[in-house]
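All remarks here apply to the structure that follows.
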Amino acid sequence: MSPRVVSAGAIAGLVSRFIVAPLDVVKIRLQLQPYSLSDPLAPLREAPAYRGTVHTIKHILKHEGLTGLWKGNVPAELMYVCYSAAQFTAYRSTTVFLQTAVPQHRRLPDSAETFLAGAVSGAAATSVTYPLDLLRTRFAAQGRHRVYSSLRGALWDIKRDEGFRGFFRGLGPALAQIIPFMGIFFASYEGLRLQLSDLHLPWGSDDATAGIMASVMAKTAVFPLDLVRKRIQVQGPTRSKYVYNDIPVYTSAGRAIRVIFQTEGLRGLYKGLPISLIKAAPASAITLWTYERSLRLLMSFDEDKDDKGAL
Numbered sequence: 042m043s044p045r046v047v048s049a050g051a052i053a054g055l056v057s058r059f060i061v062a063p064l065d066v067v068k069i070r071l072q073l074q075p076y077s078l079s080d081p082l083a084p085l086r087e088a089p090a091y092r093g094t095v096h097t098i099k100h101i102l103k104h105e106g107l108t109g110l111w112k113g114n115v116p117a118e119l120m121y122v123c124y125s126a127a128q129f130t131a132y133r134s135t136t137v138f139l140q141t142a143v144p145q146h147r148r149l150p151d152s153a154e155t156f157l158a159g160a161v162s163g164a165a166a167t168s169v170t171y172p173l174d175l176l177r178t179r180f181a182a183q184g185r186h187r188v189y190s191s192l193r194g195a196l197w198d199i200k201r202d203e204g205f206r207g208f209f210r211g212l213g214p215a216l217a218q219i220i221p222f223m224g225i226f227f228a229s230y231e232g233l234r235l236q237l238s239d240l241h242l243p244w245g246s247d248d249a250t251a252g253i254m255a256s257v258m259a260k261t262a263v264f265p266l267d268l269v270r271k272r273i274q275v276q277g278p279t280r281s282k283y284v285y286n287d288i289p290v291y292t293s294a295g296r297a298i299r300v301i302f303q304t305e306g307l308r309g310l311y312k313g314l315p316i317s318l319i320k321a322a323p324a325s326a327i328t329l330w331t332y333e334r335s336l337r338l339l340m341s342f343d344e345d346k347d348d349k350g351a352l
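Below, the structure written as structure tokens:
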């Protein structure tokens, strides 16, 4: 793969991540809200009662300023770059292994190979970059009172107070998302693609439409595990210092789902889902727009170098 393509992809990802970061902070705040808004005591609690995306943004701007919408963006940017690199490497290595190490007569169907390679690469990338994901969540969960003075300070404090395992709180539900997500996505995509091909959609992109619909279905199905992961990530000695200082202690992902369902209802397991689905569209558009222009700019630099070298 051309270095220009890799560089343009990295630039596009970083720019896109920066622009949609406020939506990610809003999603995390909504996910961490540990009580139902129908609770009559909700407005009386010390912690804010976020009532949707717009209300959450207004509250953060009023009490934490504009920079509050970008809390956790540094570890999030680092996570994006590292995740992409790890995922690409693991996907390629797994695909090559399945194609060369397995005898031809025992080879899996192409769809099964793609599914397996995707699941393995997703699990590997998630595991490698998980500490950055945890740091992103903890910084986004900070309100007006800072829990960590800096990224470096957070690394030191977590290592000192929680040990190495502290960086991997919630890794279980994070990995548990991957296989069902991949399975639901590919099964939905294949089924929808065949059905949509007979409809002759006016915009003509059956594959893209099927991909978007399959992604929405898969994300919705595994979203409770994402919410549980966020809740577990802020456990530990600093639990009482975040915006929500009364998040229950969860001993496992299964218990967390039961407790949330009992105390917050079914809707409680899907807090932040709408904004999670909404941010996917602008993120993709910004990524593609930035990628094309970054690649064009990098290619123009190379052409200038060639012209100067020829003189």
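Taking this note's numbering as reference, the numbering of the sequence shown is continuous, increasing by one, and the terminal residue is 352.
We treat Cβ as the ideally placed atom computed from N, Cα and C, and that holds for glycine.
To the nearest angstrom, how far is the alpha carbon of residue i from that of residue j?
i	j	result
G194	S229	44 Å
R270	P214	6 Å
Y121	L55	8 Å
A142	R148	9 Å
P278	D202	7 Å
V66	M340	35 Å
I298	G93	21 Å
L85	L107	Since pLDDT at L85 reaches only 47, below the 50 mark, its modelled position is unreliable, and the value read off the structure follows with that caveat. Near 26 Å, if we compare the C-alpha coordinates of L107 and L85.
V257	A322	11 Å
V273	F264	Per the sequence shown, the amino acid found at residue 273 is Ile instead of Val. Each residue's Cα considered, the two are about 14 Å apart.
T331	K200	37 Å
D287	H186	15 Å
K103	V188	20 Å
S48	L338	11 Å
L139	S125	21 Å
A251	G204	44 Å
T276	S190	The question names Thr, but residue 276 in the sequence shown is Gln. Roughly 18 Å separates the two Cα atoms.
G50	L318	22 Å
D198	R179	12 Å
L196	P144	46 Å
Y91	E231	38 Å
H100	L314	19 Å
Would you mind giving the Cβ-Cβ distance between residue i and residue j, rounded to the nearest angstrom? I have them listed as a contact below 8 Å.
i	j	result
T304	Y76	7 Å
G163	Q128	7 Å
P63	I98	7 Å
L268	A217	Actually they do not touch by this definition, with Cβ atoms about 13 Å apart.
C123	V95	That belief does not hold up - the Cβ atoms of C123 and V95 are roughly 33 Å apart, past 8 Å.
Are the beta-carbon atoms of residue i and residue j separated by less than 7 Å?
i	j	result
G381	A181	Missing from the structure shown is residue 381; the chain here goes from 42 to 352 and no further.
R58	E105	no
R177	P221	no
I69	S335	no
K282	L71	no
K320	V61	yes
L310	I301	yes
A357	I219	Because the chain in this structure spans residues 42 to 352, residue 357 falls outside the shown range and cannot be described.
L233	M254	yes
L110	Y285	no
Whether or not the segment 157-176 and the segment 201-216 are in contact is what I'm after, with contact meaning three or more pairs of Cβ atoms, one per stretch, closer than 8 Å; do they touch? yes
query: Counting only runs that start and end within the segment 227-293, where is the alpha helix (DSSP H) found for 4 or more residues in a row?
result: 247-274, all fully within the segment 227-293.
Counting Cβ pairs, one atom from each stretch, are 3 or more of them under 8 Å apart for the segment 148-165 and the segment 128-136?
-> yes
**OP:** Write down every uninterrupted run of the alpha helix (DSSP H) in the segment 111-163 whose length is 4 residues or greater and which is fully enclosed by it, in chain order.
**Re:** 114-141
*Let me know the alpha helix (DSSP H) ranges lying completely inside the segment 187-225, each 4 residues or longer, listed in chain order.*
192-203
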